[in-house]
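Below is one structure; the comments refer to it alone.
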Amino acid sequence: MLNIGLVGIGKIADRVALGIEYASKGKLYAVASRSLDKAKMFASKYHVDKYYDNYIEMLEDEKVDIIYICTPNILHKEQIMLALKYHKHVICEKPMVLKLEDLDECFKFARKQKCFLMEAHKTVFTCLNTYLFEKINEGIIGKIKYIEAQYATNVLPSKKEISSWHFSKEGGGCLYDIGVYPLAYANYFANSNIVDFHTMQHKVDDIFCDQGHAMITYENGIMAHIVTSWQCDMINIAYIYGELGYIECHNFWKNTQAILHKDGKNILIEKQMKSDFTPEIEYAINCIEKGLLESDIMGYRQSYDILKIIAC
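Residues in the sequence shown are numbered from 131 upward in steps of one, following my numbering.
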């Protein structure tokens, strides 16, 4: 059983905590926040052993094996490097960092420290998506030709329940927030290097992107189109088109159901899971137990391919 320390207890942290709770080989052992009272309340809610208002104190705890970072994007690099300095394995919420050179620095330091480092993209680890990946590789829809994926929600009128840092120049905007989901999905199922891409972005006062899309071409010939927006609500859906049929999935980054359209039939595919965060946490723990320093599903190359598009 590996002990996990959670950094940041914002909105996403509750779902991460539940994901860890369901993981068979992981335990939420410690939590750190700028507010000791909030850390104490969070720890009590999830039966966490230790709570801190000081990140360094948590890193000095030798019982902490893994750090899971759930803080604003702009803080990720500094916190990753600090955790690695203390020889902690790191899982960091998406996007891991804001610049390609920062990504290089983090992964190089992780290798030097002999620590595992992974960007948390639950999309590519859900029970449904890993099953679909397997069946597609077995030829269920023939050779993939085209992928479409979009995720949009109208947050601008009321800004709903989104944190203010999402609207900052560094690390803000819909591409860094929800746009990474369709991008990670397309890259995962294309399973090939990107050879060309074209993006269009609409920015608010040249500060943050509130709508954008990208056309991507992969080395194996697959093409993809991804869309994201904060300007309007869309049907959040993905399609994977093959020579023999296609797969349709609503809320593709967390769903437990998809529809296979083939031979004139619509076939329901279903794979249940207790939490959409649990599979990625269990996967990371398995990698660490094997002595791996990097994921072959969401490692340096995959993070690089995502970042080079959203940061362009």
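No residue lacks a Cβ here, since even glycine has one placed at the ideal position from N, Cα and C.
- When only Cα atoms are considered, M171 and L228 end up about 31 Å apart.
- When Cβ pairs closer than 8 Å are counted between the two stretches, the stretch 266-277 is seen not to touch the stretch 204-218, the count staying below three.
- Taking each of F407, K168, D195 and T329 in turn and checking the Cα distance to D183, the smallest one comes out for K168.
- Taking 9 Å as the cut-off, the beta carbon of V161 is found no closer than this to the beta carbon of T201.
- When DSSP states are grouped into helix, strand and coil, M171 belongs to the helix group.
- 9 Å or more divides the Cβ of M428 from the Cβ of F297.
- Cα atoms of A320 and M211: separation of roughly 31 Å, rounded to the nearest angstrom.
- It is roughly 13 Å from the alpha-carbon of E419 to the alpha-carbon of L247.
- A Cβ-Cβ distance of about 14 Å is found for the pair Y152 and T386, leaving them out of contact under the 8 Å criterion.
- DSSP places Q209 in the uninterrupted alpha helix (DSSP H) bounded by H206 to K215.
- Counting along the chain, F246 sits inside no beta strand (DSSP E), nor does DSSP assign it H or E at all.
- At least 9 Å separates the beta-carbon of F263 from that of Y311.
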